[in-house]
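The numbering used here puts the first residue of the sequence shown at 41, with every later residue one more than the last. Quick reminder that beta carbons are idealized off the backbone N, C-alpha and C, glycines included. Fair warning: this is a prediction, and the values are worked out from it, not measured in the lab. One structure is given below, encoded as structure tokens.
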Amino acid sequence: MKPYLYALGAVLCWASLPAATGSGLERLSVTELLFFSFVPAALYLTVQEMIISRRRAIPWPGLRLVALGLAGIFGYHALYYLALDHTPLVEGAILTTTWSFWIVVFSSILDKKRLSPPVLAVALAGLAGAGLVVSGGQSLQFEARYLPGYLMALGCGLIWSSFSVALSRLKPTRDYMPAFTVLAALFSTLVYAASAPQALPPAGALFSALYLGLVPLGLSFTLWNRAVTAGNMTLIGYLSYLTPPLAVLLAALVRGAAVTPHAVIGMIVILAAAFVGRRMS
41 MKPYLYALGA VLCWASLPAA TGSGLERLSV TELLFFSFVP AALYLTVQEM
91 IISRRRAIPW PGLRLVALGL AGIFGYHALY YLALDHTPLV EGAILTTTWS
141 FWIVVFSSIL DKKRLSPPVL AVALAGLAGA GLVVSGGQSL QFEARYLPGY
191 LMALGCGLIW SSFSVALSRL KPTRDYMPAF TVLAALFSTL VYAASAPQAL
241 PPAGALFSAL YLGLVPLGLS FTLWNRAVTA GNMTLIGYLS YLTPPLAVLL
291 AALVRGAAVT PHAVIGMIVI LAAAFVGRRM S
């Protein structure tokens, strides 16, 4: 049960972002987002690991895991920010949520050496529910001029799902998320410095980035690592579909945003898919 509680904890961290920051992150460029979120995330995870392990250094992985961590942590988030910067928000957000679908597909194929039609149907149902929540029932318009952004959004979904499934298969004996995040912070710093920043962003934007670094990045990385290295990845994939509806509900509670009927229906579809997926797993 613990791995799935950790997964839900990570989902709550990601879902809390709109409620906690509102539109604050919209005032940051991609390079600023990377720098001002990854640096506090790296500091947080480093201090946390040193306190938990009672050591003065964090564990460092071998080259294979370093490459995996850089692709999964830095690569995913850089591509995610770029995708949302080059697509309409709704369409881009829906395409980035496909990582939940790919986790179910990849883990099911690896576990059972095949993808059964019932598993695929449940995964698609969860994806449809997430899309219904994000779109709010709006008609989607995938315009050709945004094709590069759409491809980036799909790519980041494939990166995060591949990273998560690979980590679950490798089952490292140590938590290397602090090391992965430190490396991502170093790369983010280089990219930020190369962009020749002229001035600091507004205080509100910096606060939003700090929250992003400490919770949806820092804390969630710890919880996600514990979930994927100990739990059933197919079931974790189903649970991750809950991120969009929980984000809508938290925004409604904290900021008084409206909860549309489409969001409620979407959440019911996702919960039903998660329940069926639990029975199948």
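Its chain contains A170 as the residues whose beta carbon lies nearer than 6 Å to that of T137, once the 5 sequence neighbours on both sides are disregarded; these appear in chain order. Selection I134, L207, R185, R214 evaluated against G177 yields I134 as nearest (Cα-Cα). Judged by DSSP secondary structure, I310 falls within the alpha helix (DSSP H) whose first and last residues are 301-320. Contact between I143 and I276 is confirmed by a C-beta separation of about 7 Å, below the 8 Å threshold. Between T86 and Y251, the gap from beta carbon to beta carbon reaches 8 Å or more. The DSSP assignment places no complete beta strand (DSSP E) segment of no fewer than 3 residues inside the segment 160-204.
The DSSP-derived three-state label of G296 is coil. Annotated three-state conformation of G258 is helix, per DSSP. DSSP places W139 within a helical segment (H, G or I) once states are collapsed to three. Rounded to the nearest whole angstrom, the CA to CA distance from P188 to E131 is 13 Å. In the DSSP assignment, R104 falls within the unbroken alpha helix (DSSP H) covering 103-109. Distance from the Cα of G306 is smallest, within the candidate group S179, A219, M192, A168, for A168.
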